[in-house]
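To start, the structure under review is shown below, and the notes come after it.
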Ligand SMILES: Cc1cc2nc3c(=O)[nH]c(=O)nc-3n(C[C@H](O)[C@H](O)[C@H](O)COP(=O)(O)OP(=O)(O)OC[C@H]3O[C@@H](n4cnc5c(N)ncnc54)[C@H](O)[C@@H]3O)c2cc1C
Ligand SMILES: Cc1cc2nc3c(=O)[nH]c(=O)nc-3n(C[C@H](O)[C@H](O)[C@H](O)COP(=O)(O)OP(=O)(O)OC[C@H]3O[C@@H](n4cnc5c(N)ncnc54)[C@H](O)[C@@H]3O)c2cc1C
Ligand SMILES: Cc1cc2nc3c(=O)[nH]c(=O)nc-3n(C[C@H](O)[C@H](O)[C@H](O)COP(=O)(O)O)c2cc1C
Ligand SMILES: Cc1cc2nc3c(=O)[nH]c(=O)nc-3n(C[C@H](O)[C@H](O)[C@H](O)COP(=O)(O)O)c2cc1C
Ligand code: FES
Ligand code: FES
């Protein structure tokens with residue numbers, strides 16, 4: 172029985188399987204299929220300062236082993252979230268990672284302040300895959316300076332007891348540059364990865380399928396990109412905790428991320444096909460660790476890097 | 172019967188379906204399954220100045236609706252290519268797009284010179300998804316300046332009668348920036364897209380599956396990313412011809428690329444599952460164009476942009 | 003009424019016109035079914051490239067008696083997922099989640115009702131009719147389709163309720179025309195206080211208009227493309243007017259698929275009306 | 003001997019120990035088969051997430067007579083692709099490409115031969131034995147596996163050739179030990195000039211060493227992970243010494259799967275030896 176306890180900065184989790192932001196709402200619906208308190212934590216849909224309508228439909232397109240979404244961060248806003256969703260999660264004994272999003276640095280700061288001192292908040296995940304209103308809508312996560320600014324500001328504004336993770340986009344030339352910028356700005360860890368920008372065209376309507384024209388690609392299709400991002404970042408920042416995600420559907424998928432350097436994983440799109448996927452992935456991962464003789468999750472983190480380092484040594 | 176003739180710069184093709192570089196060798200093997208002369212053109216495996224061994228095995232890993240490869244551009248070198256492969260293609264009536272690759276700008280130039288005036292060469296595709304030896308191995312296609320330098324140099328060195336296409340990598344923050352740099356450097360068109368950088372970890376060996384550690388992700392899994400790249404580039408450079416590729420397996424897949432702005436398409440990974448895929452895709456595309464009442468391929472290029480432009484107009 | 007996830011064995015697949023009627027042993031889903039709800043079915047089998055479930059309105063469920071614990075739903079061949087599904091046979095297993103969604107609301111007092119089904123949309127109206135009739139309401143059916151082979155449930159409707167009017171756009175069966183051509187007469191004839199409808203969006207909208215014109219309420223079961231079917235992804239939204247008079251994008255998988263037609267902003271489906279709650283915050287994105 | 007692509011109907015699937023023997027109606031593949039070649043089978047069906055074919059050595063092909071136009075191959079359950087395959091039944095259709103690869107080379111003159119099969123690796127050696135015997139060569143078999151249930155083709159081997167020695171690592175059948183423990187004696191006994199082998203890479207290598215020690219040639223059929231199977235992708239390469247004495251990565255799908263064991267650089271499989279032709283050019287990448 173491997174020890175499943177893991178940590179994301181100062182946040183100690185009973186096990187390394189979480190939901191993914193935007194793929195579990197605020198836990199209530201999935202609680203019909205499994206007890207959300209049994210997960211490492213619930214990661215909430217990215218919340219913003221004000222209510223948001225989200226984008227026009229259609230908002231999704233199924234693609235080979237993946238899907239595109241253009242939800243546009245529909246949500247009730249932080250006040251309703253604090254009043255309704257967060258208390259429900261606390262009552263049901265779930266650990267909560269609150270995902271926050273904004274269009275200006277000060278929006279992120281305002282959100283961090285609202286969460287300050289709230290005992291129900293175990294960690295903040297900063298979704299910086301949002302257009303930066305201040306710079307012609309360029310996505311924060313695509314610019315090291317903008318990423319660093321937001322993360323630094325959130326880290327300063329947030330409760331010091333609560334780890335702040337930056338959630339990065341894979342749509343960059345070198346993700347390690349963004350990772351370094353966030354680390355230097357004070358990020359306690361990184362969530363890797365958000366969706367890839369993609370699109371599909373309806374060959375009958377001869378127009379883009381999505382109301383938002385482009386959308387975010389997720390699911391097993393992107394897993395190789397996600398594992399690569401975790402691998403690259405862990406290689407340059409081996410001591411920075413990583414919450415890995417991207418196409419995880421099974422315990423062995425999750426193990427790939429842990430071996431690549433993730434301390435915990437989020438299960439996202441898989442939930443849509445199997446509402447109890449996070450609980451199942453946890454059970455499968457537990458088995459897989461035992462079968463490989465790992466005494467703990469910690470022992471497995473980043474292990475796949477050893478083989479390569481050794482080969483490199485031999486080559487010398 | 173839609174008119175299938177299309178053009179890539181000054182290169183006139185009888186139809187818009189080509190093979191993809193590295194997925195059809197130099198045509199001989201696929202000729203066992205269909206007549207390579209019936210395709211728009213055969214795009215050859217990227218050729219370099221000298222023979223190359225390629226990387227250590229394992230060189231591939233199957234992933235959900237995709238695959239990873241780390242071949243490492245194994246090939247006999249340009250001289251053997253000119254002596255053996257190119258004549259074979261010419262004898263069999265195939266139009267040939269020669270893909271060239273290098274580690275220095277002058278390698279690319281040397282290759283362009285070797286192809287100068289060769290009647291068997293209809294077009295040059297410059298694979299700039301290669302590490303630039305002169306800048307610590309950063310991939311040319313990830314840097315607008317380096318991309319522009321290579322493309323400019325090849326354009327100047329190459330036979331003026333032969334169009335030079337730059338093949339771009341999707342692993343960049345903004346592909347339109349690289350596209351513009353290549354266009355300004357004199358590229359006659361763009362090939363979109365090369366593989367995405369990915370990796371897989373063997374959960375039994377607890378090490379990367381690929382000998383090259385990371386590899387290129389291809390197949391239907393990446394199609395939404397490829398369509399998005401074609402869409403974005405066609406939007407900013409509507410008059411620059413695009414050879415679209417990435418996960419094309421059917422005629423309707425190909426049509427997505429054409430509606431997004433591609434003048435022709437390459438069929439790559441699909442060949443591994445179905446060696447006659449390019450011929451099948453062509454037949455299916457022909458039907459699909461007819462079913463939609465297109466008089467010609469040209470009429471379909473970029474059509475999906477109209478709907479969006481119109482909506483934008485209405486919004487005003 | 004909480005949904006369950008279970009593997010159900012196919013008891014029978016019958017071809018009816020252009021449709022396939024599935025009877026599946028799924029006691030968990032059958033246990034808490036109410037008319038208007040749907041079931042989400044996994045498609046493609048192991049190692050499939052299709053990640054998402056397909057939604058089908060429940061045609062019936064038999065918690066007890068013979069066929070105990072079976073559910074019925076009706077499948078029209080559409081794309082790869084339904085093509086895979088209609089190739090299944092008795093004995094095969096299906097991955098099911100259900101029952102899902104908000105069912106049809108029964109009238110407080112027993113009042114006459116007209117049930118309007120378009121194509122396979124008649125399916126969920128059959129168990130509803132039984133429920134209404136057991137409750138003492140008079141029920142009349144209008145069953146329509148583009149053509150005869152796309153009609154569904156005419157006989158079943160006749161069996162539960164007496165009055166059934168059939169329409170087809172091409173006149174290959176019943177009255178030539180649309181369900182809404184015969185709906186006004188039916189409302190007057192039956193003195194209906196409520197209309198229940200399921201079918202294509204355009205039909206539901208037209209039914210809503212007729213209902214409005216006759217100042218009767220219309221409960222319609224919509225079809226929006228769904229990724230999760232359980233309320234977590236926000237893909238399936240429609241612009242709907244709330245009790246507070248302001249409009250929001252609401253999830254048709256949990257707040258629907260049944261809506262009060264008068265509350266749905268049909269004109270704005272597929273767009274982002276600027277007066278929607280939170281539309282002002284969309285500037286940046 | 004050019005390969006064809008055809009849809010073949012499964013005639014029979016028989017479970018033999020841990021293996022599944024497939025007989026498939028595939029006249030095109032059967033027509034030009036030579037022992038040592040393989041067939042590439044599409045797995046997963048429509049809308050599968052598995053893009054690549056799976057390779058299986060041809061156990062036999064019957065171009066004429068009864069069972070005309072059928073091929074046989076033997077499948078061991080391994081991962082998702084073979085798991086899908088072994089669930090197929092008679093009447094199901096398979097997407098096939100074959101025959102593929104360079105077959106076993108027959109000796110110029112008729113000389114005694116020892117055929118060494120490991121696990122399902124015995125399969126391609128059966129039709130080879132028939133061919134050799136028809137050619138007048140004496141043939142003796144060594145059939146090995148880790149354990150009895152993983153043995154294949156012992157009876158078939160007995161039927162074609164007289165002498166069959168069985169070995170299992172755990173002694174559950176035949177001599178306890180490896181095929182290479184009994185190979186030297188067999189070479190001496192039969193005065194073999196050539197050894198043909200198919201099985202796990204480690205076994206092929208060991209067989210090659212024994213052959214070298216007895217200065218006889220060994221033709222071995224290797225198994226390298228393959229993406230295309232037809233020679234276009236370069237995933238399936240092995241470091242092999244060429245006639246010019248220099249080594250290259252060669253494609254096991256077209257230049258193999260059968261190689262002269264003495265030419266394969268077993269030590270360097272899975273690495274990039276610096277003396278390989280073109281290894282010097284790998285610096286940058
Ligand atoms: C609440 C509800 C009830 C339904 N009841 C029935 C029924 O009783 N009988 C029946 O035949 N069909 C019904 N449908 C429609 C059915 O779900 C779709 O026809 C089916 O999902 C199409 O899948 P496909 O793979 O064949 O087509 P594709 O077009 O390839 O599907 C691609 C994606 O789009 C989605 N999609 C496509 N068309 C629809 C649609 N019309 N509605 C929702 N999602 C769609 C699919 O779920 C899938 O995710 C219902 C849909 C909903 C939302
Ligand atoms: C020339 C040749 C002949 C073969 N003959 C036989 C045979 O007669 N009987 C038999 O049972 N098996 C044979 N194999 C091995 C068989 O191809 C693999 O077991 C099978 O591809 C595994 O697929 P999978 O999806 O079950 O496993 P997975 O491991 O999930 O396959 C994943 C990927 O790796 C590749 N792969 C995995 N293992 C192997 C392997 N050992 N060799 C090559 N590719 C592999 C698969 O093709 C697939 O692309 C042969 C292989 C080759 C190359
Ligand atoms: C429908 C949907 C909505 C999402 N919403 C958010 C979000 O609000 N905030 C966020 O940081 N990521 C969001 N994501 C991204 C996921 O959290 C996750 O990073 C990504 O989907 C990759 O993981 P997966 O393949 O397991 O889904 C969303 C993904 C999907 C599919
Ligand atoms: C095995 C393999 C080898 C490839 N070799 C090359 C190459 O030599 N040069 C090149 O420009 N692209 C190469 N590519 C990329 C393809 O040409 C193509 O851009 C990419 O695979 C996306 O298309 P697809 O999904 O249809 O394969 C290779 C791809 C694969 C799978
Ligand atoms: S389909 Fe996911 S919320 Fe309705
Ligand atoms: S498997 Fe593609 S070249 Fe051998």
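Residue numbers (the working numbering), protein chains in the order written: chain A, 172 to 487; chain B, 172 to 487; chain C, 3 to 287; chain D, 3 to 287. Glycine included, every Cβ here is placed at the ideal spot set by N, Cα and C. Note that the coordinates shown come from a computational prediction; the quantities given were computed from them, not determined experimentally.
The continuous beta strand (DSSP E) containing residue 64(D) extends over residues 56-64. Residues 169, 177 of the same chain have their beta carbon placed closer than 8 Å to that of residue 183(C), with the five preceding and five following residues left out of the count. Excluding five sequence positions before and after residue 203(B), the CB atoms of its chain that fall closer than 8 Å to its own CB belong to 446, given in chain order. Exclusion of residue 230(B) from the 8 Å shell around ligand 2 follows from its C-beta lying no nearer than that to any non-hydrogen atom of the ligand. Burial of residue 177(B) is indicated by the presence of at least 16 other C-beta atoms within 10 angstroms of its C-beta.
Residue 338(A) sits buried, since 16 or more C-beta atoms from the chains shown fall within 10 Å of its C-beta. Its chain contains 281, 284 as the residues whose beta carbon lies nearer than 8 Å to that of residue 274(C), once the 5 sequence neighbours on both sides are disregarded; these appear in chain order. Not one beta carbon of chain A lies nearer than 9 Å to the beta carbon of residue 267(C). Per the Cβ contact rule, the stretch 203-223 of chain A is in contact with the stretch 181-193 of chain A (3 or more Cβ pairs under 8 Å). Using a Cβ-Cβ cut-off of 9 Å, residue 468(B) is close to nothing in chain A; its nearest Cβ partner there is about 14 Å away. Here the alpha carbon of residue 223(D) sits roughly 12 Å from the alpha carbon of residue 130(D).
The DSSP-derived three-state label of residue 199(D) is strand. Within the same chain, and ignoring the five residues on either side of residue 227(B) in sequence, the residues whose Cβ sits closer than 6 Å to its Cβ are 382. Among the CB atoms of chain C, none fall inside 9 Å of the CB of residue 206(A). Under the three-pair Cβ rule at 8 Å, the stretch 7-14 of chain C does not count as touching the stretch 46-61 of chain C. The Cβ of residue 52(D) sits closer than 9 Å to at least one Cβ of chain C. Of the heavy atoms belonging to ligand 1, none sits nearer than 8 Å to the Cβ of residue 313(B). When secondary structure is reduced to three states using DSSP, residue 234(C) falls in the coil class, being assigned neither helix nor strand. For residue 375(A), the closest C-alpha among the options 420(B), 369(B), 460(B), 305(B) is that of 460(B). The continuous alpha helix (DSSP H) containing residue 352(A) extends over residues 346-355. One alpha carbon belongs to residue 104(D), the other to residue 270(D), and they sit about 22 Å apart.
If one requires a minimum length of 3 residues, the beta strand (DSSP E) runs lying completely within the stretch 256-313 of chain B are 267-271, 292-298, in chain order. Your pair residue 45(C) and residue 83(C) checks out as a contact, with CB atoms roughly 4 Å apart and the cut at 8 Å.
Counting C-beta atoms within 10 angstroms of its own C-beta, residue 238(A) has 16 or more neighbours from the protein chains shown and is therefore classed as buried. Counting along the chain, residue 160(D) sits inside the alpha helix (DSSP H) bounded by residues 156-162. The three-state reading of DSSP puts residue 217(A) in coil, since its state is none of H, G, I, E or B.
By the Cβ test, the stretch 415-429 of chain A is not in contact with the stretch 252-264 of chain B, since fewer than three Cβ pairs between them sit closer than 8 Å. Linking residue 77(D) to residue 96(C) through their CA atoms gives a straight-line distance of about 27 Å. Burial check for residue 294(B): the Cβ neighbour count within 10 Å reaches 16 or more, so the residue is buried. 9 Å or more divides the Cβ of residue 214(C) from the Cβ of residue 118(C). For residue 443(A), the shortest separation between its Cβ and any heavy atom of ligand 5 lies below 8 Å.
Contact annotation: in the stretch 190-203 of chain D, no residue has its CB less than 7 Å from a CB in chain B. Distance check between residue 478(A) and each of 372(B), 275(B), 188(B), 354(B) places 372(B) closest, using alpha-carbon atoms only.
With a threshold of 8 Å, the Cβ atom of residue 232(D) does not count as near ligand 2, since no heavy atom of the ligand is closer than that. Annotation for residue 120(C): 146, 201, 202, 205 place their beta carbon closer than 6 Å to its own, counting only its chain and skipping 5 residues before and after.
One finds 235, 236, 392 in chain A with Cβ atoms closer than 7 Å to the Cβ of residue 236(B), taken in chain order.
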